[in-house]
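Residue numbers (my numbering), protein chains in the order written: chain A, 10 to 124; chain B, 30 to 142.
For glycine and all other residues, C-beta sits at the position ideal for the given N, C-alpha and C.
All values reported here derive from a predicted model rather than from experimental measurement.
Accompanying notes for the structure given below.
So this is what it looks like as structure tokens:
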């Protein structure tokens, strides 16, 4: 049972436009949601996070939105740059019990930003 | 120092070999993790150490044996692996509280022949 899902395996966007990456989750026992960026042959790099009690967090070109009623979050990148091309993973952090602190990852979305 | 350092970067081992993967961080993080990532898949949690004690073992086969000698070091001892164990092994660390999640190392690319 996959608790964190990214249903779009890939996304292609023109440079300067907005990239929107989506993520859905099925378990409410998460305290933070995070986005990671991964280049080939490297470990994932933290991008931005949002607390489960917030609905928006912004950091420069990156904004994460959380819709708790829909169990959905999205990452907006504006403006998109070719250097943003990578695999983006959504992750959810366990809030308690045996899952406290544990990150569960989505399948990832390959973002390609064309010049 | 804001990095997690993993060695070696690449490892090829036979099914009868014994090898170890090493991970080091000096950020004062008291939680350390081993993840396994196969191609085109998300990272999968293997082990969690909290204050140098094993707190989570995600039903990992005993041919993988973790060790946390101190708060900065994490090892993964490998013995009698199978070809399907070939993957990218990622180490990560984090504070036990806070919003930034984990800091990942660059991983060890393991090939079992």
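Reduced DSSP secondary structure (H/G/I, E/B, other) of residue i
i, result
"residue 64 of chain A", "coil"
"residue 113 of chain B", "helix"
"residue 37 of chain A", "coil"
"residue 115 of chain A", "coil"
"residue 130 of chain B", "coil"
"residue 105 of chain A", "coil"
Proximity winner among the options, relative to residue i (alpha-carbon distances)
i, options, result
"residue 38 of chain B", "A:52, A:67, A:27", "A:52"
"residue 60 of chain A", "A:50, A:70, A:42, A:69", "A:42"
"residue 120 of chain B", "B:42, B:98, B:102", "B:102"
"residue 120 of chain A", "A:78, A:74, A:21", "A:21"
"residue 27 of chain A", "A:99, A:98, A:84, A:74", "A:84"
"residue 98 of chain A", "A:75, A:80, A:113, A:78", "A:113"
"residue 113 of chain B", "B:100, B:99, B:142", "B:142"
"residue 109 of chain A", "A:80, A:38, A:48", "A:38"
Euclidean distance between Cα positions of residue i and residue j
i, j, result
"residue 95 of chain B", "residue 123 of chain A", "42 Å"
"residue 72 of chain B", "residue 64 of chain B", "6 Å"
"residue 36 of chain A", "residue 135 of chain B", "29 Å"
"residue 40 of chain B", "residue 138 of chain B", "6 Å"
"residue 66 of chain A", "residue 40 of chain A", "14 Å"
"residue 85 of chain B", "residue 77 of chain B", "5 Å"
"residue 51 of chain B", "residue 104 of chain B", "5 Å"
"residue 13 of chain A", "residue 115 of chain A", "5 Å"
"residue 82 of chain B", "residue 24 of chain A", "47 Å"
"residue 73 of chain A", "residue 55 of chain A", "13 Å"
"residue 50 of chain A", "residue 36 of chain B", "14 Å"
"residue 75 of chain A", "residue 91 of chain B", "39 Å"
"residue 58 of chain A", "residue 44 of chain A", "6 Å"
"residue 31 of chain B", "residue 58 of chain B", "10 Å"
"residue 62 of chain B", "residue 48 of chain A", "20 Å"
Inter-residue CB distance, residue i and residue j (contact presumed, cutoff 8 Å)
i, j, result
"residue 17 of chain B", "residue 130 of chain B", "No information on residue 17 of chain B is available, as it lies outside the stretch 30 to 142 that chain B covers here."
"residue 116 of chain B", "residue 47 of chain B", "Actually they are not in contact, since the Cβ atoms of residue 116 of chain B and residue 47 of chain B sit about 18 Å apart, beyond 8 Å."
"residue 63 of chain A", "residue 95 of chain A", "Not quite, the Cβ-Cβ distance comes to about 25 Å (not below 8 Å), so this is no contact."
"residue 33 of chain B", "residue 132 of chain B", "5 Å"
"residue 107 of chain B", "residue 44 of chain B", "Actually they are not in contact, since the Cβ atoms of residue 107 of chain B and residue 44 of chain B sit about 11 Å apart, beyond 8 Å."
"residue 91 of chain A", "residue 70 of chain A", "That pair is no contact at about 13 Å."
"residue 105 of chain A", "residue 111 of chain A", "Not a contact, Cβ separation roughly 10 Å."
CB contact below 8 Å: residue i versus chain C
i, result
"residue 51 of chain A", "No chain C is present in this structure, whose protein chains are A and B."
Inside the stretch 43 to 77 of chain B only - beta strand (DSSP E) runs reaching at least 3 residues: Listed in chain order, the complete beta strand (DSSP E) runs (minimum 3 residues) inside the stretch 43 to 77 of chain B are 47 to 54, 60 to 66.
In the stretch 43 to 96 of chain A, which residue ranges form an unbroken beta strand (DSSP E) of at least 3 residues, counting only runs that do not cross its ends? Counting only runs of 3 or more, we get 54 to 60, 65 to 68, 71 to 76, 81 to 86.
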